[in-house]
Amino acid sequence: MYSSLVWKNLFFDSIYTILLLLFYWLSWRLIDTITYIGQLRANLPLLSLCVIVILILLCRIIWIYRKQLQQKCLFESNQSIKLTDEHLVIGEKEFPLANLKYIRTYKKGFVFHMKDNMQIPVSRNLNISPLKEKPKIPGLWLLALAVFLLITVAGAYKVYYNATDFHGALSWRLERMASEEKAKLGSDNFYEVGIQGIIDAADDKVGMEPYLMTDNLEIEFDEDGTMTSIYAFVNGYDEDKVHRHNYLIYNNDGGDSVVVDKQEWDDDQYPYIPENDLKYVLDMMQYIPVQEVVERTGEKHNAIMYKGVRDWALPENLQYVTRDGEIYPPSEGSVSGPTISLYVPGKEEEITPYRYVWSE
2 MYSSLVWKNL
12 FFDSIYTILL
22 LLFYWLSWRL
32 IDTITYIGQL
42 RANLPLLSLC
52 VIVILILLCR
62 IIWIYRKQLQ
72 QKCLFESNQS
82 IKLTDEHLVI
92 GEKEFPLANL
102 KYIRTYKKGF
112 VFHMKDNMQI
122 PVSRNLNISP
132 LKEKPKIPGL
142 WLLALAVFLL
152 ITVAGAYKVY
162 YNATDFHGAL
172 SWRLERMASE
182 EKAKLGSDNF
192 YEVGIQGIID
202 AADDKVGMEP
212 YLMTDNLEIE
222 FDEDGTMTSI
232 YAFVNGYDED
242 KVHRHNYLIY
252 NNDGGDSVVV
262 DKQEWDDDQY
272 PYIPENDLKY
282 VLDMMQYIPV
292 QEVVERTGEK
302 HNAIMYKGVR
312 DWALPENLQY
322 VTRDGEIYPP
332 SEGSVSGPTI
342 SLYVPGKEEE
352 ITPYRYVWSE
């Protein structure tokens, strides 16, 4: 009886109960925030702090529990219990009532809480009426247990809600984990791999549709060709040119691989536009002298960008690229067509980007 009552009191009927419930609730709130909006950098340290505080409180409770159990005289059987004006007497052991803080009342008995954190359970048969001046607090362990269960159920439901049907950051993360694949490029050098190598690696990994369209592609690389960032959003169309999939191809950390996120798509929100077919980008990249231009500019960091069909009025660094590999400047007048830009990130105003426009 003594050990279970002490355990129940420490966990569900003490100041530690309030602190545990508070930090337990805060932990669930932080988990809800993380699964809803993310922000791991801000919220994870706070969650870790809450967990540490909870562990410290649990260690403190266990320490008190073990200390209480060392009072063997309190739970030996067949011992007489008496209450005098000045002492609670259990067998031959006397406990001064001056050290009594308050009395917890339970259905089956009482628990005397002493100033040294000792808890002494006594039977309902003991007459405690002489202790009128001592506060008697009803046991609230059932309420604490109910609050604990309520917090757990509510917190688990919120996490489940955030993890389903794209309600929160967690659901998007789980969806990406289910749909993402990592494709090896064989090299991290753009001069060796090129855009064709990136698309081929993605195709080998996830199986891309026969018709591909993009107006959002950008690759950053160093002067020696080492790629530092890859981003491409590609729409996939079947033989009938019906939109079936989207492919997000990216790498923000460098290295010789890309992440390919294949998403099913079945509507006409992105109709097929022949001028934005990816084949124009791949054909032009066969002939654009990327390495030669980079060596000529002498900049440490460079980038290739494709944003679809563009209109140009200024001819500086503007050239046509034909299907046969001819590269030549346009005559006077405006120019329009699928355009690849080779530029220096952050220095577009100082160094005019090289623009290559597809020409039939």
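First residue of the sequence shown? That's 2 in our numbering, and the numbers climb one at a time after it. Glycine included, each C-beta is placed from N, C-alpha and C at the ideal position. Just so it is clear, the structure is predicted and the values come from calculations on it, not from any experiment.
Out of the options, which has the shortest C-alpha to C-alpha gap to residue i?
i: Gln287; options: Gly326, Ala145 and Leu186; result: Gly326
i: Pro354; options: Ser337, Ser335 and Val291; result: Val291
i: Thr323; options: Met306, Glu361 and Ile305; result: Glu361
i: Ala157; options: Val358, Thr36, Glu350 and Asp225; result: Thr36
i: Glu221; options: Val345, Ser335 and Thr18; result: Val345
i: Leu425; options: Pro330, Ile19 and Leu58; result: With the chain covering 2 to 361 only, the question about residue 425 has no answer from this structure.
Given a cut-off of 8 Å, decide if residue j and residue i are closer than it, judged by their beta-carbon atoms.
i: Val1; j: Leu22; result: Past the edges of the chain, shown from 2 to 361, lies residue 1, and the structure says nothing about it.
i: Ser28; j: Leu48; result: yes
i: Leu144; j: Ile65; result: no
i: Ile274; j: Ile199; result: no
i: Val259; j: Ile231; result: yes
i: Ala202; j: Leu218; result: no
When burial is assigned at 16 or more other CB atoms within 10 Å of the CB, is residue i buried or exposed?
i: Lys83; result: exposed
i: Gly169; result: buried
i: Asn253; result: exposed
i: Trp359; result: buried
i: Cys60; result: exposed
i: Ile33; result: The question names Ile, but residue 33 in the sequence shown is Asp. It is buried - the Cβ of Asp33 has at least 16 other Cβ atoms within 10 Å.
i: Ser78; result: Confidence is the limiting factor: at Ser78 the pLDDT is only 49, short of 50, which leaves the residue's position unreliable, though a coordinate-based value still follows. Ser78 comes out exposed.
i: Met285; result: buried
i: Ile398; result: Any question about residue 398 goes unanswered here, given that the chain covers just 2 to 361.
For residue i, which residues in the same chain have their Cβ closer than 6 Å to its Cβ, ignoring the five residues on either side in sequence?
i: Ile53; result: none
i: Ser337; result: Asp312
i: Lys308; result: Asp216
Can you check whether the C-beta of residue i is within less than 8 Å of a C-beta belonging to chain C?
i: Trp8; result: Looking at the structure shown, chain C is missing, and only one protein chain is on hand.
Rounded to a whole number of angstroms, what is the C-alpha to C-alpha distance between residue i and residue j?
i: Lys159; j: Asp223; result: 45 Å
i: Asp16; j: Tyr25; result: According to the sequence provided, residue 16 is Ile. The question's Asp does not apply to it. About 14 Å.
i: Gly255; j: Arg42; result: 22 Å
i: Met214; j: Ala155; result: 45 Å
i: Lys206; j: Ser342; result: 28 Å
i: Lys94; j: Arg105; result: 21 Å
i: Tyr357; j: Val194; result: 20 Å
i: Arg67; j: Glu182; result: 52 Å
With a threshold of 7 Å on Cβ separation, who are the neighbours of residue i within its own chain once the five nearest residues in sequence on each side are excluded?
i: Ser180; result: Asp262, Lys263 and Gln264
i: His246; result: Glu210, Gly237, Lys263, Gln264, Glu265 and Trp266
i: Ser172; result: Asn163, Ala164, Thr165 and Asp166
i: Asp1; result: A question about residue 1 goes unanswered here, because the residues of the chain that appear run from 2 up to 361.
i: Gly39; result: Ala170
Tell me which same chain residues have a C-beta within less than 8 Å of the C-beta of residue i, skipping the five on either side of it?
i: Pro272; result: His244
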